[in-house]
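Which chain is which? The protein sequence lines are A and B, in order. Everything in the first sequence is counted per this note's numbering, starting at 50 for the first residue and increasing by one. Everything in the second sequence is counted per this note's numbering, starting at 128 for the first residue and increasing by one. Quick reminder that beta carbons are idealized off the backbone N, C-alpha and C, glycines included.
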Amino acid sequence: MSHPPDDATLLDALRVRLAEPVPPDVIAAAREALRWRDPDAALAILVADTMAAATPAGIRGPGSEVFTFETERVTIEVEASQLGHELHLAGQLAPAMAARVRIDQPGGGTVVPADELGRFAARGLRLAMWRLAVLVDDDVPINTEWVL
Amino acid sequence: MRPFGWSAEPVGGSVTDVEVAGLVAAARAGDQAAWDALVSRFVGLVWTVARSFGLGSADAADVSQATWLRLVERFASIREPDRIGAWLATTARREALAVLRRAGRYAVPREPEVLDRLAGAAPDAAEPVLRAEINAEVWRAFARIPGRCQRLLKLLVVEPIPSYQEIGASMDMPVGSIGATRARCLERLGGAMPSDAEPHPRRTQ
């Protein structure tokens, strides 16, 4: 005669095997995320992503991908390409305007200029998540969504 | 140790929810200690959601980071701060699916990788032999139940235990059907064990 173990015994057994501590660097990265808080910024929403419909590509594989972000005031189009272990970004602001563009990545940021035609580029970035902050004079910054 | 019985109905307006809503409000205003408390409360849930899709640790780390950055980015649009756990679980699920889609392996979540890694884990030496045997049998049975049941059961052993809202958001499953699905999955798990798995064998005397 036998009885299947009750639910508590089953779950307890699974807990022994499945309980997996979250790696410390994952916890540290989660804590660090708050430093990117920017309550004054406007958020530019990702409205198109060539990779969503195309062949596998993106920052973890070879190839390039075009992202389009929008706010009411500006459209930001960015081509992200991977070369070796580096990420290159090249973009365009529309309407065209001179601005400073800060590329944020976990661990730091880089600022590059956008010219009178709204064009900007940043090379040799780390292969990691990124977002852009578009800074025009004294206006509120426009931040794109983070891209993984 | 936390009792393993599952008594939590979806909580609405409990002290815990109020506390969580307060932490969200404080973190939104820039309070790092409140943010760290939120991370402590939900980092296991986010990580488990990512891992439950079969992601390796590097991909799961990316999904976790993306999820937390997304919350900071969307702070202003969070309408139900007491349900932030469900929001995080939903976001982690979407980010995990995006990673899988990107890698072109959505149809085949890599469960075996997780199973292989864990299957090698030795039972605790201090564990009573009988308990160890039951655990090993449960573990073998776990490999034989459907992937969706595996995902649900993984969420049921996360610490701290997720609410039904959070489980529903993780699984993209209506809250109302979780209880029945949980019961069915545990039944399948029990049914997948050897029929002579007797927790308390009696001697004939």
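Please determine, among the options, the residue with the shortest C-alpha to C-alpha distance to residue i.
i, options, result
"ALA170 of chain A", "A:ALA177, A:ALA148 and A:MET178", "A:ALA148"
"PRO155 of chain A", "A:ASP89, A:LEU132, A:TRP179 and A:ASP164", "A:TRP179"
"VAL115 of chain A", "A:ARG64, A:GLY158, A:VAL123 and A:VAL96", "A:VAL96"
"VAL148 of chain B", "B:VAL199, B:THR218, B:CYS312 and B:ARG206", "Note on residue identity: the sequence assigns Ala, not Val, to residue 148 of chain B. Answer by Cα proximity: B:ARG206."
"VAL5 of chain A", "A:GLY157, A:PRO53 and A:ALA90", "The structure shown does not extend to residue 5 of chain A, since chain A is modelled only from 50 to 197, so the question has no answer here."
"ALA143 of chain A", "A:ALA129, A:VAL160, A:ALA93 and A:ARG175", "A:ALA93"
"ALA139 of chain A", "A:GLU121, A:PRO53, A:THR117 and A:GLY157", "A:THR117"
"GLN141 of chain A", "A:LEU181, A:GLY158, A:ASP61 and A:GLU69", "A:LEU181"
"SER304 of chain B", "B:LEU279, B:MET320, B:ARG315 and B:ALA319", "B:LEU279"
"VAL226 of chain B", "B:SER204, B:ALA203, B:ALA188 and B:GLU200", "B:ALA188"
"GLY318 of chain B", "B:ASP299, B:PRO273 and B:VAL302", "B:PRO273"
"ILE152 of chain A", "A:GLY112, A:ASP187 and A:PRO162", "A:PRO162"
"ARG201 of chain B", "B:ARG155, B:VAL145, B:ALA263 and B:GLY306", "B:ARG155"
"GLY212 of chain B", "B:ALA270, B:VAL145, B:GLY157 and B:LEU224", "B:VAL145"
"PRO70 of chain A", "B:ARG178, B:ALA307, B:ASP158 and B:THR217", "B:ARG178"
Can you tell me whether DSSP reads residue i as helix, strand or coil?
i, result
"ARG229 of chain B", "helix"
"ASP98 of chain A", "strand"
"THR159 of chain A", "strand"
"ARG206 of chain B", "coil"
"GLY212 of chain B", "helix"
"ASP213 of chain A", "The question about residue 213 of chain A has no answer, for chain A in this structure spans 50 to 197."
"VAL170 of chain B", "helix"
"ALA324 of chain B", "In this prediction, ALA324 of chain B scores a pLDDT of 46, lower than 50, which makes its location untrustworthy; the coordinate-derived value is nonetheless stated afterwards. Residue state, collapsed to three classes: coil."
"PHE180 of chain B", "coil"
"SER297 of chain B", "helix"
"ALA248 of chain B", "Residue placement at ALA248 of chain B is poorly supported in this model, since its pLDDT is 39, which falls under 50; the coordinates are not used for a value here."
"GLY317 of chain B", "helix"
"GLU146 of chain B", "helix"
"SER304 of chain B", "helix"
"VAL151 of chain B", "helix"
"MET50 of chain A", "Any answer about MET50 of chain A is weak, because its pLDDT of 40 lies below 50 and its placement is not dependable; what the coordinates show is given next. Correct three-state label for MET50 of chain A: coil."
"GLY157 of chain B", "coil"
"TYR291 of chain B", "helix"
"ILE125 of chain A", "strand"
"ARG180 of chain A", "strand"
"THR58 of chain A", "helix"
"ARG86 of chain A", "coil"
"ALA103 of chain A", "Reliability of the predicted coordinates at ALA103 of chain A is poor, the pLDDT of 47 falling under 50, and the value obtained from them is presented with this limitation in mind. If DSSP states are grouped into helix, strand and coil, ALA103 of chain A belongs with coil."
"GLY274 of chain B", "helix"
"VAL71 of chain A", "coil"
"VAL285 of chain B", "coil"
"THR194 of chain B", "helix"
"ARG330 of chain B", "Summary for ARG330 of chain B: the model assigns pLDDT 43, below 50, so the residue's position carries little reliability; its value from the coordinates is reported in the next sentence. ARG330 of chain B falls in the coil class under three-state DSSP."
"GLU114 of chain A", "strand"
"LEU198 of chain A", "An answer regarding residue 198 of chain A cannot be provided, because it is not within the stretch 50 to 197 covered by chain A."
"ALA188 of chain B", "helix"
"GLU238 of chain B", "In this prediction, GLU238 of chain B has a pLDDT of 43, which is less than 50 and means its spatial position is unreliable; nothing more can be read from the coordinates."
"ALA219 of chain B", "helix"
"GLU264 of chain B", "helix"
"LEU224 of chain B", "helix"
"ALA170 of chain A", "strand"
"ALA147 of chain A", "coil"
"ASP153 of chain A", "strand"
"LEU27 of chain A", "Residue 27 of chain A lies beyond the stretch modelled for chain A, which goes from 50 to 197, so this question has no answer here."
Rounded to whole angstroms, how far is the Cβ of residue i from the Cβ of residue j, which I believe are closer than 8 Å?
i, j, result
"THR175 of chain B", "VAL285 of chain B", "5 Å"
"ILE266 of chain A", "VAL123 of chain A", "Any property of residue 266 of chain A remains undetermined from this structure, which presents chain A solely from 50 to 197."
"ARG175 of chain A", "HIS137 of chain A", "Their Cβ separation, rounded to whole angstroms, is 11 Å, which puts ARG175 of chain A and HIS137 of chain A out of contact at 8 Å."
"ARG66 of chain A", "TRP266 of chain B", "5 Å"
"ASP61 of chain A", "LEU313 of chain B", "Incorrect: roughly 12 Å between the Cβ atoms, too far for contact."
"LEU283 of chain B", "ARG309 of chain B", "7 Å"
"THR58 of chain A", "ILE261 of chain B", "7 Å"
"ASP276 of chain B", "ARG315 of chain B", "According to the sequence shown, residue 276 of chain B is Cys rather than Asp. CYS276 of chain B to ARG315 of chain B, Cβ: 6 Å. Contact."
"LEU215 of chain B", "LEU198 of chain B", "7 Å"
"VAL183 of chain A", "VAL160 of chain A", "Not confirmed; about 11 Å, so no contact."
"LEU196 of chain B", "TRP195 of chain A", "5 Å"
TODO: Could you tell me whether the segment 286 to 293 of chain B touches the segment 167 to 183 of chain B, where touching means 3 or more Cβ pairs closer than 8 Å?
DONE: yes
- [ ] Can you give me, in chain order, the residues of the segment 62 to 79 of chain A that have a beta carbon less than 8 Å from any beta carbon in chain B?
- [x] ALA62, LEU63, ARG64, VAL65, ARG66, LEU67, ALA68, GLU69, VAL71, PRO72, ASP74, VAL75, ILE76, ALA78 and ALA79
- [ ] Determine contact between the segment 184 to 194 of chain B and the segment 74 to 83 of chain A, defined as no fewer than three beta-carbon pairs at a distance below 8 Å.
- [x] yes
Open item on the list: I'd like to know if the segment 156 to 163 of chain B and the segment 81 to 89 of chain A are in contact, where contact means that at least 3 CB-CB pairs between them fall below 8 Å.
Closed with: yes
Task: Within 7 Å of chain B by C-beta, residues of the segment 156 to 168 of chain A in sequence order - done: none
Task: Inter-stretch contact at 8 Å, needing at least 3 Cβ pairs: the segment 177 to 185 of chain B / the segment 168 to 183 of chain A - done: no
Task: Members of the segment 180 to 192 of chain B near chain A, C-beta cut-off 8 Å - done: SER184, ALA187, ALA188, ASP189, VAL190, SER191 and GLN192
Task: Interface positions of the segment 281 to 309 of chain B facing chain A (Cβ-Cβ less than 9 Å), listed along the chain - done: LYS281, LEU283, VAL284, VAL285, GLU286 and ARG309
Task: Interfacial residues, the segment 258 to 281 of chain B to chain A, with Cβ spacing under 7 Å - done: ILE261, ASN262, VAL265, TRP266, PHE269, LEU280 and LYS281
- [ ] Report the residues of the segment 189 to 221 of chain B with a CB closer than 9 Å to any CB of chain A, ordered along the chain.
- [x] ASP189, VAL190, SER191, GLN192, ALA193, THR194, TRP195, LEU196, ARG197, LEU198, VAL199, GLU200, ARG201, PHE202, ALA203 and SER204
TODO: Compile a chain-ordered list of the residues in the segment 120 to 144 of chain A whose CB is closer than 8 Å to at least one CB of chain B.
DONE: none
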